[in-house]
Structures are given as structure tokens and as C-alpha cells.
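End of the sequence shown sits at 105 in the UniProt record's numbering; the numbers just go up one at a time, nothing left out.
C-beta atoms are modelled at their ideal positions from N, C-alpha and C, and glycine is treated no differently.
Note that the coordinates shown come from a computational prediction; the quantities given were computed from them, not determined experimentally.
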Amino acid sequence: MTRYFIQPAASARLEEIYRHTFRQFGPAQADRYLDGVFALFEDIAKNRVAWQRVPSEFGVDGFFARYKSHFIFWKPRADGQIAIVAILHQRMDLARRLREDVPEP
């Protein structure tokens, strides 16, 4: 079974999303939103989600899918697992923020 791993930049974004949603909409909505994000992670790992390749002009190799107001970016790892590398809000400058969160080797 394919597993996913959350990279540090993506983990930090999850915390930001939770705090913002908690402040704006309360704990129940914050929990529901993150439950949905984690369900998408599972679907990505099981190849059960429509995904797209990150556009080349973003300068980062990988794939993405959308969950409500956020884009989830990931890369396959050499061991066959999935690395969740970034989670960005739709209003962000996606190309710039993705390059910041996912430095290419």
C-alpha cells in the first residue's frame, strides 16, 4: 500500500490553515476542513484523485490537486511513497510560494 509523508513546509501550512479556520469559523469547521485535506492525501496515495502536473513555469517538478481553497502539491519518492511537499491557498502567488516551499536539489 502506498503511504504519504508530509514534508516540513506542508506541515507548517497545515498548522496555519487550522489556526486561521479555527479563528474564523470555529473548531468544528477547522476539524472538518483538515479531515478533508487528509482524506485527499489518502486518495492521492491510493491514486484515486484527478491530478495535474505542476506547470513547468513554476520551476518545480511534481503534481497537484485541489481541495476547496487549497492546492496540494506532491512528488513521488524513489521508494514509491508520496511526499506531500506544499499546501497553498488559491490566492497565493503559487509559483513563487511553491519555489520557496520546495527547493529543487
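I72 and Q52 have their C-alpha atoms some 11 Å from each other. DSSP places P55 outside both helix and strand once states are collapsed to three, so it counts as coil. D101 and E16 have their C-alpha atoms spaced approximately 14 Å apart. As DSSP reads the structure, F71 sits in a beta bridge with R66, L88. K75 is the residue among K75, F41, G26 whose C-alpha sits nearest the C-alpha of V54.
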